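Presented below is the structure to which this report refers.
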Amino acid sequence: MNSPIYFPMFGDNFSIDPAKYFEVFGFKIHWYGVIIATGFILAVVYALWRKKDFGLTEDNIIDMLLFAVPISLIGARLYYVVFNFDNYRNNLGDIVKIWEGGIAIYGAIIFAGITVYIFAKVKKIPAGALCDVGSLGLFIGQAIGRWGNFINREAYGSVTDVFCRMGITLSDGSVTYVHPTFLYESLWNVLGFVLIHIWSKKHRKYDGQVFLMYLGWYGIGRFFVEGLRTDSLYLFNTGIRVSQLVGIVAFIAAAVLLIVFKKKNKSDLYVNKKAEIQQDNIKEAI
Numbered sequence: 002m003n004s005p006i007y008f009p010m011f012g013d014n015f016s017i018d019p020a021k022y023f024e025v026f027g028f029k030i031h032w033y034g035v036i037i038a039t040g041f042i043l044a045v046v047y048a049l050w051r052k053k054d055f056g057l058t059e060d061n062i063i064d065m066l067l068f069a070v071p072i073s074l075i076g077a078r079l080y081y082v083v084f085n086f087d088n089y090r091n092n093l094g095d096i097v098k099i100w101e102g103g104i105a106i107y108g109a110i111i112f113a114g115i116t117v118y119i120f121a122k123v124k125k126i127p128a129g130a131l132c133d134v135g136s137l138g139l140f141i142g143q144a145i146g147r148w149g150n151f152i153n154r155e156a157y158g159s160v161t162d163v164f165c166r167m168g169i170t171l172s173d174g175s176v177t178y179v180h181p182t183f184l185y186e187s188l189w190n191v192l193g194f195v196l197i198h199i200w201s202k203k204h205r206k207y208d209g210q211v212f213l214m215y216l217g218w219y220g221i222g223r224f225f226v227e228g229l230r231t232d233s234l235y236l237f238n239t240g241i242r243v244s245q246l247v248g249i250v251a252f253i254a255a256a257v258l259l260i261v262f263k264k265k266n267k268s269d270l271y272v273n274k275k276a277e278i279q280q281d282n283i284k285e286a287i
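If you count by the numbering used here, then the sequence shown holds residues 2 to 287, one letter each, in order.
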C-alpha cells in the first residue's frame with residue numbers, strides 16, 4: 002500500500018508519499034521498473050564511454066550484455082529461490098514468477114561473472130578488462146536501483162533512533178522508525194564509484210584489478226548493511242545471513258588477491274598490449 006515515509010532529520014512533519022506506479026494511456030508503469038531500467042541504461046552509457054580505456058570496443062560491450070543481462074536475471078532469481086525455497090516447495094510454478102518480486106544482486110553478479118568469463122574466452126578478450134568496466138557500471142546500477150526499494154517500501158532495516166532514520170507506516174496504521182538501509186547501500190555505492198573511477202584513470206595496473214576493488218568495496222559494505230536488514234536470506238536452517246557471508250568472503254578474497262598481484266605493472270594491461278600491437282603494425286606498414 003502507498004503511505005507516507007517520514008524523515009525526522011528534515012523536520013518532525015517532513016514526509017514523502019511516493020507512488021508505486023504512474024499511468025500512460027491507461028497502462029500502469031511501475032516506478033521500480035523505471036528506476037532499475039534507468040540504472041541499467043546509465044551503467045551501459047558509462048561502460049561505452051570508458052571502453053577505450055580498457056582496450057574494448059562498442060561491439061565487445063554490447064555483445065557481452067546480450068548474454069550477461071538475461072543470464073544474470075536468471076541467476077538473481079535462482080539465488081533468491083534457493084535460499085528461500087520453503088516458499089516455493091509446494092508451488093514450484095511460482096519460481097518463474099519473477100514479476101512478483103524476489104531477486105538477489107549476488108546471484109546476478111555470480112552468473113554474470115561466469116557468463117563474462119565464457120564470453121571472453123570465446124572472443125579471445127581478457128575477462129578482467131570486461132569485468133573492470135562492468136563493475137564500475139554495476140556501482141552505478143546498484144546505487145540507482147536501491148531507490149526502487151524506497152519506492153516499494155522494502156529492504157529497510159531494524160527499528161532505530163539514529164538521526165537519519167525513516168518512518169514507515171505499518172499495516173495497523175502506526176509509524177515505526179527504521180534504518181534506511183537502501184540509502185546506506187546507495188551512498189556506499191556512489192562513494193565507491195567516485196573513488197574507484199578516479200583511481201582507475203591513472204593507477205590501474207592489470208586487468209581485473211578494478212573488479213577486485215569492486216568486490217572488496219561492495220562486499221564489506223554489504224556485510225555491515227545486511228546486518229541491519231530485517232528481510233535477509235539465511236543459509237538454510239542456520240542463523241547465518243547469506244549476503245553477509247558472501248560479502249565478507251568476497252572482501253577477504255579480493256583483499257588477498259590485490260596484495261598477491263601488487264607487483265604487476267601496466268605492461269600487463271590489455272589496452273597497452275593492444276596499443277603496442279597497433280604501433281608495430283603501423284611501423285611494418287611504413
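For every residue, glycine included, the Cβ atom is placed at its ideal position computed from N, Cα and C.
Because the structure is a prediction, the values reported are computed rather than measured.
Quick one: what's residue i bridged to in DSSP?
i       : result
Arg-78  : In DSSP, Arg-78 forms no bridge with anything.
Arg-230 : Gly-158
Tyr-235 : Arg-242
Tyr-7   : Ser-16 and Gly-168
Pick from the options: whose alpha carbon is nearest that of residue i?
i       : options                              : result
Asn-190 : Phe-55, Trp-218 and Ala-38           : Trp-218
Phe-252 : Phe-224, Thr-231 and Asn-273         : Phe-224
Ala-276 : Gly-56, Ala-128 and Lys-206          : Gly-56
Val-97  : Asn-91, Lys-52 and Ile-75            : Ile-75
Asn-3   : Gly-240, Ile-169 and Ile-221         : Ile-169
Ser-268 : Val-261, Ile-278 and Leu-259         : Ile-278
Thr-39  : Leu-188, Ile-145 and Lys-274         : Ile-145
Ser-244 : Met-65, Ala-109 and His-198          : Ala-109
Thr-231 : Trp-200, Val-250 and Tyr-178         : Tyr-178
Phe-262 : Lys-21, Leu-236, Gly-209 and Gly-228 : Gly-209
Gly-228 : Val-70, Ile-249, Lys-203 and Val-82  : Ile-249
Can you tell me where the alpha helix (DSSP H) with residue i in it begins and where it stops?
i       : result
Ile-253 : 243 to 261
Gly-217 : 210 to 227
Gly-142 : 128 to 153
Ile-96  : Careful: Ile-96 lies outside any alpha helix (DSSP H) and carries neither H nor E.
Phe-112 : 106 to 124
Val-195 : 182 to 203
In terms of residues, what are the limits of the beta strand (DSSP E) holding residue i?
i       : result
Thr-288 : What is shown of the chain runs 2 to 287, which leaves residue 288 out entirely.
Tyr-22  : 22 to 25
Thr-170 : 167 to 170
Residues in the same chain with beta-carbon distance under 8 Å from residue i, minus the five sequence neighbours each way, listed in chain order, please.
i       : result
Ile-99  : Leu-74 and Arg-78
Lys-52  : Thr-58, Glu-59, Asn-61, Ile-62 and Val-134
Trp-148 : Ile-36, Phe-183 and Ser-187
Skipping 5 residues on each side, what residues in its chain have a beta carbon closer than 6 Å to that of residue i?
i       : result
Asn-150 : Ala-156 and Phe-183
Leu-43  : Ile-141
Tyr-185 : Val-226
Ala-255 : Leu-213, Leu-216 and Gly-217
Starting from the C-beta of residue i, find all residues in its chain whose C-beta is less than 7 Å away, skip the five residues before and the five after it, and write them out in chain order.
i       : result
Lys-265 : Lys-206 and Tyr-207
Leu-246 : Leu-236
Ranges of the beta strand (DSSP E) found wholly within the stretch 12 to 66, counting only runs of at least 3:
Listed in chain order, the complete beta strand (DSSP E) runs (minimum 3 residues) inside the stretch 12 to 66 are 22 to 25 and 28 to 31.
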